[in-house]
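In this note's numbering, the protein residues as written are -8 to 326. Even glycine gets a Cβ: it sits at the ideal position worked out from N, Cα and C. Values in this document were obtained by computation on a predicted structure and should not be read as measured data.
Structure, rendered in structure tokens:
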């Protein structure tokens, strides 16, 4: 029923003028706001508040969309720069701006060769600083050197270039220091893997000849009549407290740098001694009891080769922890 019909029916039924005015006011309120406007001031405040909230929400939505679009635009620009650097951005450009695919292929190959040349020259420059004070006596194996160049020319990270320079310097001054297999393993290592190796080396002990490297994990005494129920029969060394947890050991194992299965030394009699070095310093362990042994993770031959790239870095806090663990069964002397 529209307004005019309703007013006519009200007039014909004898309704007073006051009612007619109220009805007119009702329809005016409906036409203006879609709802009856209350005369109560509190209702008016609520309506105004609601309108403001709607406006704020709209502004927030617009702001979020603007931020998201800005982030996406920034990420897109970074991706385009990366693709352009390696000359693989052809399909990302408008068709009228694209080079011929043959030209793009030639350009990408040329820039790739230039990067390789720059990488290997940087490594040669670093190598010279390492072997300048050493005499290169024997002739370097040209086959080994050719393989070395083929594996190292892809390395652009400055830290990894530094390690590759140490490999070459070590091979030039002492041929046979690094096998080709070690080079292949090292090529597949990331900077994160190299840092894990450095961490393991900082916690490891070496034989005097430095061919065997170990991460000590504990010591124990063989069960006997007098110690079978002793709670101190097994001692543990917590490597994870010093930044080398089981996941890190697993990563080192996957790179063929350590054996993941724990090993044990032979049983030692009382007063038997073991000679090691810890970060270049002599370390002597003398058994205080019979039938005791060490538990450890052992470096693989490849891991031992690559460990020579890492400079000795002492961890005094770890050594104190190691010494406290071992003193239950050994006299620990550090010269």
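task: Compute the Euclidean distance between the alpha carbons of residue 116 and residue 159, then round it to the nearest angstrom.
output: 11 Å
task: Could you check the C-alpha separation between residue 264 and residue 193 for me, to the nearest Å?
output: 23 Å
field: Spatial distance of residue 74 from residue 103 (CA atoms)
entry: 13 Å
- prompt: Between the Cα of residue 179 and the Cα atoms of 318, 234, 207 and 242, which residue gives the shortest distance?
  reply: 242
- request: Buried or exposed for residue 162, please, with buried defined as at least 16 other CB atoms from any protein chain shown within 10 angstroms of its CB.
  value: buried
- prompt: How many Å lie between residue 101 and residue 172 at the Cα?
  reply: 30 Å
- request: Ignore the nearest five residues each way along the sequence and tell me which others in residue 208's own chain have a CB closer than 8 Å to its CB.
  value: 227, 228, 230, 253, 286, 287 and 288
- request: Figure out for me which residue from 110, 81 and 314 has the closest Cα to the Cα of residue 97.
  value: 81
message: So, with DSSP's three-state summary, where would you put residue 254?
response: strand
- prompt: Between the Cα of residue 322 and the Cα atoms of 292, 84 and 274, which residue gives the shortest distance?
  reply: 274
- prompt: Between the C-alpha atoms of residue 182 and residue 150, what's the straight-line distance to the nearest angstrom?
  reply: 8 Å
field: Three-state secondary structure (DSSP) of residue 117
entry: helix
- prompt: Once you ignore the five residues that flank residue 280 on each side, which residues in its own chain have a CB closer than 7 Å to its CB?
  reply: 212, 261 and 320
query: Shortest alpha-carbon distance to residue 302 belongs to which of 266, 95, 185 and 92?
result: 185
query: Per DSSP, residue 284 forms a beta bridge with which residues?
result: 211
task: May I have a chain-ordered list of the beta strand (DSSP E) segments no shorter than 3 residues that lie completely inside the segment 76 to 158?
output: none
message: Tell me the DSSP secondary structure of residue 315 in three-state form.
response: helix
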